[in-house]
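One structure below.
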Amino acid sequence: MNDSIYDMYQRPLRDLRISVIDRCNFRCTYCMPKEVFGDNYAFLPQSELLSYEEISRLVAIFSKLGVKKIRLTGGEPLLRKNLQELISQIHLVDGIEDVALTTNGLLLDQQAQALYDAGLRRLNISLDALDEELFGKMNGRGIAPARILQNIDYAKQLGFEIKVNMVVEKGVNEQEIIPMMNYFKDYDITLRFIEFMDVGNDNGWSYEKVVTKQEMLQQLQQIYTLTPVEQAYYGEVAKYYQYDQHKAKIGFITSVSESFCSTCTRLRLSSEGKLYTCLFAADGFDLRAMLRSGASDQELIEAISQVWQQRTDRYSDERTAYTAKHRKKVNMSYIGG
Ligand code: SAM
Ligand code: SF4
Ligand code: SF4
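Heads up, the sequence shown is in the numbering used here, so the first residue is 45 and it goes up one at a time.
Structure representation (structure tokens):
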């Protein structure tokens, strides 16, 4: 390990991503391929998930350590019952300035109102294609894009601030980049293109399947004039561009082609209560064991501080074809994106 590299990194702890459930109603080919996550896949039983009380207690502790932003994710977070109760509880925690949710959007028609009433205002909704057959294939469940588009519309009418996330995989959906851009431009919704990443060990990732930000830009610049937007805050992950006169922007998440480990301010809490300092880590620190054996707030604060101070993660800076294939990495469904 080269200590000097880590000395150069100044990474205050700011964001906590919480996976509230490891199950999902989709089987996206790039995340939970159905050949691996089949009908008999053993997802965690309810008793192994952190309860809302446990999560809220941890959020209060994280807030004391500097966390200001919480993102709820999964698996599919809307599969967790009464999610609005957790949102209300988190909103009561001192020091938390921003709560957001990442979802595939399928259940928003049933839940968006309750989430809004609980105080949630920001949604990231995943949608990878407008073509019906292609999207059905990519989500592994034949779900039509129209259902997600309707729900995006509905959530927007309720007043949510929405971003749409599209994972782009070479040979699969790069031809959807322009149609997606054209569609969301008219809705003034910010669209973010995510480079396909080697999360977990099951999605068949290789460098050849990545469409880089530069390649996407080349496509888009044939039609739009794009102007780079300054970073809004330290550690902002997406690189944004303004186009034409539109208020909405487009963004790129460039974990593969332009990694951003040196400004990574995030911690991740898995559905079963393990703390991960990196999306690509093999294992996490077991906070649930501490919680359930009666640890005090002070003990939890000390343990978490130590985990953060000792972190040396820079997976995306160091990624090679070898690490992508051979390093053991946690499944995306446990820790969310
Ligand atoms: N189920 C929710 C959803 O799809 O929005 C939340 C969890 S999902 C794991 C969070 C984000 O990770 C989504 O935007 C998804 O597209 C992204 N993601 C999953 N697998 C990915 C991969 N291999 N490369 C890049 N992004 C990925
Ligand atoms: Fe489910 Fe989200 Fe993963 Fe797709 S990306 S399988 S919707 S958790
Ligand atoms: Fe942070 Fe790990 Fe991603 Fe680097 S690879 S930005 S350390 S989560």
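From the three backbone atoms N, C-alpha and C, an ideal C-beta is built for every residue, glycine too.
Asked, Found
"Straight-line Cα distance separating I114 from A144", "6 Å"
"Contact between the stretch 363-381 and the stretch 303-318 (3+ Cβ pairs under 8 Å)", "yes"
"Continuous beta strand (DSSP E) stretch holding E205: start and end", "205-212"
"Buried/exposed call for S250, threshold 16 Cβ in 10 Å", "exposed"
"Contact test: Y74 Cβ vs ligand 1 heavy atom, cutoff 7 Å", "yes"
"Contact test: P147 Cβ vs ligand 1 heavy atom, cutoff 7 Å", "Correcting the residue identity first, residue 147 is Thr in this sequence and not Pro. Yes; taking the cut-off as 7 Å, the Cβ of T147 has a heavy atom of ligand 1 nearer than that."
"Bridge-paired residues (DSSP) for V254", "E213"
"Assigned secondary structure, T117 (DSSP; H/G/I helix, E/B strand, else coil)", "strand"
"Residues near Y268 by beta carbon distance below 8 Å, same chain, minus five either side", "M225, Y287, D288"
"Candidates L167, L60, Y85: closest to D66 by CA position", "Y85"
"Touch test, the stretch 116-131 against the stretch 146-157, Cβ-Cβ under 8 Å, three pairs minimum", "yes"
"Endpoints, the alpha helix (DSSP H) within which R332 is located", "331-336"
"For R191, the nearest candidate out of L127, F204, A365, L171 (CA to CA)", "L171"
"Contact test: C68 Cβ vs ligand 3 heavy atom, cutoff 7 Å", "no"
"Three-state secondary structure (DSSP) of D153", "helix"
"G328 burial status per 10 Å Cβ neighbour count (16 or more: buried)", "buried"
"Close Cβ partners of L335 (< 6 Å) along its chain, the five nearest in sequence each way excluded", "E98"
"Contact test: M376 Cβ vs ligand 2 heavy atom, cutoff 7 Å", "yes"
"Alpha-carbon to alpha-carbon, P56 and E220", "37 Å"
"Where V103 sits in the DSSP three-state scheme", "helix"
"E218 versus D232, N195, T256, I187, residue with shortest Cα-Cα distance", "T256"
"S170 CB to nearest heavy atom of ligand 1 below 7 Å", "yes"
"Same chain, Cβ closer than 7 Å to L174, five either side skipped, listed in chain order", "P189, E220, P223, M224, Y227"
"Alpha carbon of H370 to alpha carbon of A325, nearest angstrom", "13 Å"
"Close-in-space but distant-in-sequence residues of the same chain around V80 (CB under 7 Å, 5 per side omitted)", "D246"
"Bridge-paired residues (DSSP) for A144", "R115, R166"
"R58 versus D341, K293, L311, residue with shortest Cα-Cα distance", "L311"
"heavy atom of ligand 1 below 7 Å from F240 C-beta", "yes"
"Closer than 5 Å to ligand 3: residues, by C-beta to nearest heavy atom, in chain order", "C305, C308, C322, L323, D357, Y359, S360"
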